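Enquirer: Below is one structure. I have some questions about it.
Protein chains: 2
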Amino acid sequence: MDTRTGLPVVGMVGGGQLARMTHQAAIALGQSLRVLATDPDDGAAIVAADVHLGQPTDLEALRRFAKGCDVVTFDHEHVPGDHIRALAAAGETVYPSADALLYAQDKLAMRRRLAELGIAVPRWRAVSTADELDEFAAGDYPIILKTVRGGYDGRGVFVIEAPEEAAGQLATGEPVLLEEKLTLRRELAVQLARSPFGQVAVYPVVETVQADGVCVEVLAPAPGLDEQTAVEIQQLAIRIATELDVVGLLAVELFETDRGILVNELAMRPHNSGHWSIEGARTSQFEQHLRAVLDYPLGACELAAPAVVMANVLAAETTAQPLDERLHHLFAAVPDVKVHLYGKRTRPGRKIGHVTALGTELAEVRDRAARAATLLREGTTH
Amino acid sequence: MDTRTGLPVVGMVGGGQLARMTHQAAIALGQSLRVLATDPDDGAAIVAADVHLGQPTDLEALRRFAKGCDVVTFDHEHVPGDHIRALAAAGETVYPSADALLYAQDKLAMRRRLAELGIAVPRWRAVSTADELDEFAAGDYPIILKTVRGGYDGRGVFVIEAPEEAAGQLATGEPVLLEEKLTLRRELAVQLARSPFGQVAVYPVVETVQADGVCVEVLAPAPGLDEQTAVEIQQLAIRIATELDVVGLLAVELFETDRGILVNELAMRPHNSGHWSIEGARTSQFEQHLRAVLDYPLGACELAAPAVVMANVLAAETTAQPLDERLHHLFAAVPDVKVHLYGKRTRPGRKIGHVTALGTELAEVRDRAARAATLLREGTTH
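Just so you know, the sequences run in chain order A and B. So the first sequence is numbered by full-length UniProt numbering: it starts at 1 and just counts up by one. So the second sequence is numbered by full-length UniProt numbering: it starts at 1 and just counts up by one.
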């Protein structure tokens, strides 16, 4: 409890853009997010008032950080489960719990658990040898190889065209799993928040558009998705959240295939597939996560406009103009998109921000968001 | 320029809720607002990363604060004009300028200037003696007495029912002016932003509802206002901003009377009459102020919903529940209003936050906002 305000203190481990945007949401709720950053120049650290420095793998740093927090939560999956258990054993409130977060940290545990629950997933197998890989592929390449831990934004995911391409990864001894390479109609995602009380609030199902394994665009709601499938997907997410006892946000990434809807990945934190909600839903995912982990009643998830498009801004290799000038061009050209910059140093390919457009006609809204993202990424060529 | 991000640094003098909400907007723009607070527990100081302590009347503190800022701006009117001139003479960029801000600081200067411009205002007169007061009133009480400087939120404004009621105020020697007590149909307000380049972006005209001289509710757009009058009011505001060379936000508070629209007050900063814009307009007043003082192209001002209502939350004398519990009740009862808490210690009558509701039917939206504000102010009586 913050004695200055009589309101709770939420601590978030990790100082990236998710913590940065959660701090914005915390301000409206009368709070000030406590951030555990690894670098004083982290995106959240340079905007928050209550910043601690420390590694997410350092239990003593986590213990010091948690002191005085009403709840500790995460902007990434890098805190070891045993550390979370140690905090909980010491009486700290941590959401999601170690037992729940495991399924967002460990793809093998997640696949096994979802299989137990009878939830449709791609065909998969844990492997450690070339023989096992050959057996899984049965001559039918390409297949997908994923590291069990540490993957995100396309990292830790490899398309294997021939057995020898997996040799290096298998030689590391790091646990990996294989998945069939599916022909996707498209990728979808659904996000919900669940409170310790058990209240659940689900956002509309969205379409996520990927390029080179990285999400570049999110369309809310997923265009052309029939109402019944949308409801089934929402129910699936509720079932997963309830079975895994998730508290806070859960993002379920999905494949839409000829075999139906398959679960790809889980995340238990604010997620890129939900950035559209800042302006596009009545309650943003960041506010919702705070409400969930604090056991406040959850906010309304309704869309604020018929069509909402979020486009990520990945830094270009080179640009003719500095970021501030590109922002001028964007604002001049597209006065009605919303810009979110993450306060990061620019490095090619790095997500430096996103833009969100709202409107009534998806094609127009999508074009507007893409135009804004391009201007912010590349500037103009006049 | 912030060398970590390549983006500008805006410094805001004053650490209240306006700076607090401006910091939220700055985060999205990739910035971190620099705040000059008088107390480390000020609402903005407890959420911002870049906080300086100092009085707005201390020129040396202002000079230190301005170093490294790309632009200095204000969350109140308390910085003396000569200090602003001294900063500008030293090469600092300050918006609004001292010459413009004067008309928001000094009601007499404002009335004189608007009169010169032929803009309709209430009948008024500067007075310093009881004889002058008698002469102005001509036996027709009540009249309104206003201090020339320092008034806001109903402070510095007195309804004078009989000459002797003004004696105390006149005896202070502080400059005052008198105004006729008008029969108002209602109060309106219009807000715009103007950039150094001269671009202007105007928000829809809103109705402001007062109780005991304090704004309690803002209805956007002003219900039942005919299109032509709305445009005339917007044009009036543009004319004032251009004539006074305002940079940043300008709020024009208006009386709707049988004699037409009269200008009551001016403010040159984010203003309570524009809080609805955080969710209710495509570009919030806080983002717009930053864009204006930085000479970025301005954002779209369109309404995000047909009816938007902002209700202030003034702390109650006593409450059965602490703030955090009242927030629980509010969230449970009204899941689709947006809450903004200012991080202030509760003191009866103090504005501790506001709520905003959006929808299609004004009566329903207004009821929802009022219900939320009451729950946040008083809690439940179960």
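Using N, Cα and C, we set each Cβ at its ideal position, and we do this for glycine too. All figures in this text were calculated on a predicted structure; none of them were measured in a lab.
Measure the Cβ-Cβ separation of Val190(B) and Tyr203(B) and say whether it is below 8 Å.
Expert: As a first step, residue 190(B) must be located in the second sequence, where it is residue number 190. As a first step, residue 203(B) must be located in the second sequence, where it is residue number 203. Yes, the pair counts as a contact, with Cβ atoms nearer than the cut-off.
Enquirer: What residue does the alpha helix (DSSP H) around Gln24(B) start on, and which one ends it?
Expert: Here residue 24(B) corresponds to residue number 24 of the second sequence, with the count starting at 1. It spans Gln17 to Ala28 - the alpha helix (DSSP H) in which Gln24(B) sits, taken as one unbroken run.
Enquirer: Using beta carbons (cut-off 8 Å, strictly below), is Ala300(A) in contact with chain B?
Expert: Residue numbering aside, residue 300(A) sits at position 300 when the first sequence is read from its first letter. So, interface residue.
Enquirer: Can you give me the C-alpha to C-alpha distance between Ala49(B) and Asp50(A), rounded to a whole angstrom?
Expert: Reading the second sequence from its first residue, position 49 is the one you call residue 49(B). Reading the first sequence from its first residue, position 50 is the one you call residue 50(A). Ala49(B) and Asp50(A): Cα-Cα distance of roughly 8 Å.
Enquirer: Work out the CA separation of Asp324(B) and Thr374(B) for me, nearest whole Å.
Expert: Working through the second sequence from its first residue, we reach residue 374(B) at position 374. Working through the second sequence from its first residue, we reach residue 324(B) at position 324. So the two alpha carbons sit approximately 14 Å from each other.
Enquirer: Do Ile27(B) and Gln24(A) have their C-beta atoms closer together than 8 Å?
Expert: Your numbering for residue 27(B) matches position 27 in the second sequence. Your numbering for residue 24(A) matches position 24 in the first sequence. Yes, the pair counts as a contact, with Cβ atoms nearer than the cut-off.
Enquirer: Can you say whether Ala237(A) is buried or exposed, counting buried as having 16 or more other CB atoms within 10 angstroms of its CB?
Expert: In the first sequence, residue 237(A) corresponds to position 237, counting from 1. Buried, by the Cβ-count rule.
Enquirer: Would you mind working out which of Val263(B), Leu249(B) and Val309(B) sits nearest Arg111(B), comparing C-alpha positions?
Expert: Indexing the second sequence from 1 puts residue 111(B) at position 111. It is Val263(B) whose Cα lies nearest to the Cα of Arg111(B).
Enquirer: By a C-beta neighbour count over all protein chains shown, 10 Å radius and 16 as the cutoff for buried, is Val13(A) buried or exposed?
Expert: If you number the first sequence from 1, residue 13(A) lands on position 13. Looking at its Cβ environment, which holds 16 or more other Cβ atoms inside 10 Å, Val13(A) is buried.
Enquirer: Measuring from the CB of Gln235(A), is there a heavy atom of the ligand COA at a distance below 7 Å?
Expert: Among the components modelled here there is no ligand, and therefore nothing to report on the ligand COA.
Enquirer: I'd like to check one pair, Gly274(B) with Ala300(B): are the Cβ atoms closer than 8 Å?
Expert: Within the second sequence, numbered from 1, the residue matching residue 300(B) stands at position 300. Within the second sequence, numbered from 1, the residue matching residue 274(B) stands at position 274. No, Cβ-Cβ distance for Ala300(B) and Gly274(B) is not below 8 Å.
Enquirer: Would Arg291(A) pass as an interface residue toward chain B - the criterion being a Cβ-Cβ separation below 8 Å?
Expert: Position 291 of the first sequence holds residue 291(A). It does: the Cβ of Arg291(A) has a partner Cβ on chain B nearer than 8 Å.
Enquirer: Per DSSP, which one or two residues make a beta bridge with His329(A)?
Expert: If you number the first sequence from 1, residue 329(A) lands on position 329. His329(A) pairs with nothing; no bridge assigned.
Enquirer: I believe Leu290(A) touches Val10(A) by the beta-carbon criterion, under 8 Å. Please report the beta-carbon distance rounded to the nearest angstrom.
Expert: Numbered from 1 along the first sequence, position 290 holds the residue referred to as residue 290(A). Numbered from 1 along the first sequence, position 10 holds the residue referred to as residue 10(A). Their Cβ separation, rounded to whole angstroms, is 6 Å, which keeps Leu290(A) and Val10(A) in contact under 8 Å.
Enquirer: Using a 10 Å radius around the Cβ and a threshold of 16 neighbouring Cβ atoms, would you call Thr208(A) buried or exposed?
Expert: For this step, residue 208(A) is matched to residue 208 along the first sequence. Buried, by the Cβ-count rule.
Enquirer: Counting Cβ pairs closer than 8 Å, one from the region 67-81 of chain B and one from the region 93-101 of chain B, do we hit at least three?
Expert: With a cut-off of 8 Å, the region 93-101 of chain B and the region 67-81 of chain B count as touching, because enough Cβ pairs lie within range.
Enquirer: If we count the other Cβ atoms within 10 Å of its Cβ and call it buried at 16 or more, is Gln235(B) buried or exposed?
Expert: For the purposes of this step, residue 235(B) is taken as residue 235 along the second sequence, with counting starting at 1. Gln235(B) should be labelled exposed.
Enquirer: Going by C-alpha to C-alpha distance, which of Val216(B), Arg239(B), Arg20(B) and Lys107(B) sits closest to Lys351(B)?
Expert: Within the second sequence, residue 351(B) is the residue found at index 351, counting from 1. Looking at the Cα atoms, Val216(B) is the closest of the given residues.
Enquirer: What are the boundary residues of the alpha helix (DSSP H) that includes Ala237(B)?
Expert: By 1-based counting over the second sequence, the position of residue 237(B) is 237. Residues Glu227 to Glu243.
Enquirer: For chain A, is any of its Cβ atoms less than 8 Å away from the one on Thr318(B)?
Expert: On the second sequence, position 318 is the one that residue 318(B) refers to. Chain A contact via Cβ: absent.
Enquirer: For Leu5(A), which residues in chain B fall below 8 Å Cβ to Cβ?
Expert: Walking along the first sequence from the start, residue 5(A) turns up at place 5. For the record, residue 5(A) in the displayed sequence is Thr; it is not Leu. The contacting residues are Ile46, Leu323, Leu341, Gly343, Lys344 and Arg345.
Enquirer: So that I know if they touch, is there some Cβ in chain B lying closer than 8 Å to that of Phe158(A)?
Expert: Here residue 158(A) is taken as the residue at index 158 of the first sequence, counted from 1. So, not an interface residue.
Enquirer: Since Asp140(B) meets chain A, which of its residues come closer than 8 Å, beta carbon to beta carbon?
Expert: As a working mapping, residue 140(B) is identified with position 140 in the second sequence. None at all; the shortest Cβ gap to chain A is about 47 Å.
Enquirer: Considering only residues of the region 342-379 of chain A, which uninterrupted alpha helix (DSSP H) runs meet the minimum length of 4 residues and lie entirely inside it, listed in chain order?
Expert: Complete alpha helix (DSSP H) runs here, min 4: 362-378.
Enquirer: Can you confirm whether Phe331(A), when its beta carbon is compared against all beta carbons of chain C, has any partner nearer than 8 Å?
Expert: The structure shown contains no chain C; its protein chains are A and B.
Enquirer: May I ask which residues mark the beginning and end of the beta strand (DSSP E) holding Met310(B)?
Expert: Position 310 of the second sequence holds residue 310(B). Unbroken beta strand (DSSP E) run through Met310(B): Ala307 to Leu314.
Enquirer: In whole angstroms, what separates the C-alpha of Arg185(B) from that of Val205(B)?
Expert: Here residue 185(B) is taken as the residue at index 185 of the second sequence, counted from 1. Here residue 205(B) is taken as the residue at index 205 of the second sequence, counted from 1. Roughly 15 Å separates the two Cα atoms.
Enquirer: State yes or no: is the beta carbon of Asp39(A) nearer than 8 Å to at least one beta carbon in chain B?
Expert: In the first sequence, the residue the question calls residue 39(A) occupies position 39. Cβ-Cβ to chain B under 8 Å: no for Asp39(A).
Enquirer: Using the beta-carbon count (16 or more within 10 Å), is Lys67(B) buried or exposed?
Expert: Indexing the second sequence from 1 puts residue 67(B) at position 67. So Lys67(B) ends up on the exposed side.
Enquirer: Go to Met12(A), then tell me how far its alpha helix (DSSP H) extends in each direction, as first and last residue.
Expert: Against the first sequence, residue 12(A) aligns to sequence position 12. Segment Val10 to Val13 is the beta strand (DSSP E) holding Met12(A); no alpha helix (DSSP H) there.
Enquirer: Using the Cα positions of Glu378(A) and Gln285(A), report the straight-line distance between them to the nearest angstrom.
Expert: Sequence index remark: in the first sequence, residue 378(A) carries index 378 (1-based). Sequence index remark: in the first sequence, residue 285(A) carries index 285 (1-based). The straight-line gap from Cα to Cα measures roughly 28 Å.
Enquirer: Below 8 Å, how does it come out for the region 119-129 of chain B and the region 317-334 of chain B: are there three or more Cβ pairs, yes or no?
Expert: Not touching, per the Cβ criterion.
Enquirer: For the putative contact between Ile240(B) and Leu254(B), defined by C-beta atoms under 8 Å, what is the C-beta separation to the nearest angstrom?
Expert: The count along the second sequence starts at 1 and reaches residue 240(B) at position 240. The count along the second sequence starts at 1 and reaches residue 254(B) at position 254. About 11 Å separates the two Cβ atoms, so there is no contact after all.
Enquirer: Rounded to whole angstroms, what's the CA-CA distance from Ile84(A) to Arg20(A)? Just pull it up for me.
Expert: Position 84 of the first sequence, counted from the start, is the residue given in the question as residue 84(A). Position 20 of the first sequence, counted from the start, is the residue given in the question as residue 20(A). Each residue's Cα considered, the two are about 22 Å apart.
Enquirer: Which residues in chain B sit within 7 Å of Arg20(A), going by Cβ to Cβ distance?
Expert: Here residue 20(A) refers to the residue found at position 20 when the first sequence is read from its first residue. In chain order: Ile27.
Enquirer: So what does DSSP say about Phe255(A), is it helix, strand or coil?
Expert: The residue you call residue 255(A) lines up with position 255 of the first sequence. Strand at Phe255(A).
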